[in-house]
Amino acid sequence: MFSHVMVGTNDIERSRRFYDAVLAVLGVPAPFHNIAGSGHARLFYRHAGVSFCVSEPINNEPAISANGATIGFNCVSPEQVKQFHDVALAHGGTSIEQEPGLREGKLGALYLAYVRDPDGNKLCGLYRPA
């Protein structure tokens with residue numbers, strides 16, 4: 004359904020360090036670095052046919068996180084969910100909500116970990132057992 008997701012950053016190099024480490028856990032290669040026609044820096048992480056992008060805001064306003072928004076990343080195991088969380092914390096992220104782990108609900112069991120990146124964007128590492 005989605006071709007890409009883009010978040011804003013107030014510090015492109017800090018974001019690069021954070022996302023290079025966190026997305027490497029998922030097997031995502033280093034980003035393509037782009038300078039928009041406006042002169043703003045952008046990072047494009049491409050993996051499995053989709054892109055996750057990080058950009059300096061083109062309107063020159065500060066980047067802010069969206070209240071109520073979450074970007075979920077598929078993980079291949081509960082261990083990868085935990086690693087996603089721990090690497091995020093080691094690179095400037097903040098753990099939020101519950102500790103990483105199993106959640107039971109109407110949609111079945113999920114292994115989840117929630118973090119905020121250094122700019123406040125909410126991320127989720129998710130594994131759904133078969």
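So for the sequence shown, my numbering puts the first residue at 4; every next one is plus one. Yeah, the Cβ is synthetic: ideal placement off N, Cα and C, and Gly gets one too. Given the structure is predicted, the values throughout are model-derived calculations rather than measurements.
Going by the CB atoms, is the gap between residue j and residue i shorter than 7 Å?
i    : j    : result
L46  : P65  : no
T97  : R119 : yes
S58  : N124 : no
D122 : N13  : yes
Starting from the Cα of residue i, find the closest Cα among the options and give me that residue.
i   : options                   : result
I99 : F87, G108 and A116        : A116
D7  : L110, S18, Y48 and P81    : For the record, residue 7 in the displayed sequence is His; it is not Asp. Among L110, S18, Y48 and P81, the Cα nearest to that of H7 is on Y48.
H94 : E16, S41 and G30          : E16
V28 : E107, T12 and E82         : E82
F5  : E107, G111 and H50        : H50
L92 : A133, L113, A112 and C127 : C127
V53 : R19, M9 and S18           : M9
Starting from residue i, trace the beta strand (DSSP E) in both directions and tell me its first and last residue.
i    : result
A133 : Here A133 belongs to no beta strand (DSSP E), and DSSP marks it neither H nor E.
L115 : G111 to R119
M135 : The question about residue 135 has no answer here: the residues shown for the chain are numbered 4 through 133.
Exercise. Counting Cβ pairs closer than 8 Å, one from the stretch 67–80 and one from the stretch 15–23, do we hit at least three?
Worked result: The stretch 67–80 vs the stretch 15–23: no contact.
For this session: Mind the definition here: the stretch 94–109 touches the stretch 48–65 only if three or more C-beta pairs lie below 8 Å; say whether that holds.
Result: no
Exercise. What are the start and end residues of each continuous beta strand (DSSP E) run of 3 or more residues lying completely inside the stretch 19–101, in chain order?
Worked result: Whole beta strand (DSSP E) segments, 3+ residues: 35–38, 44–50, 53–58 and 74–77.
For this session: Would you check if the stretch 85–93 and the stretch 36–46 touch, i.e. whether three or more CB-CB distances between them fall below 8 Å?
Result: No, because fewer than three Cβ pairs between the stretch 36–46 and the stretch 85–93 fall closer than 8 Å, the two stretches do not touch.
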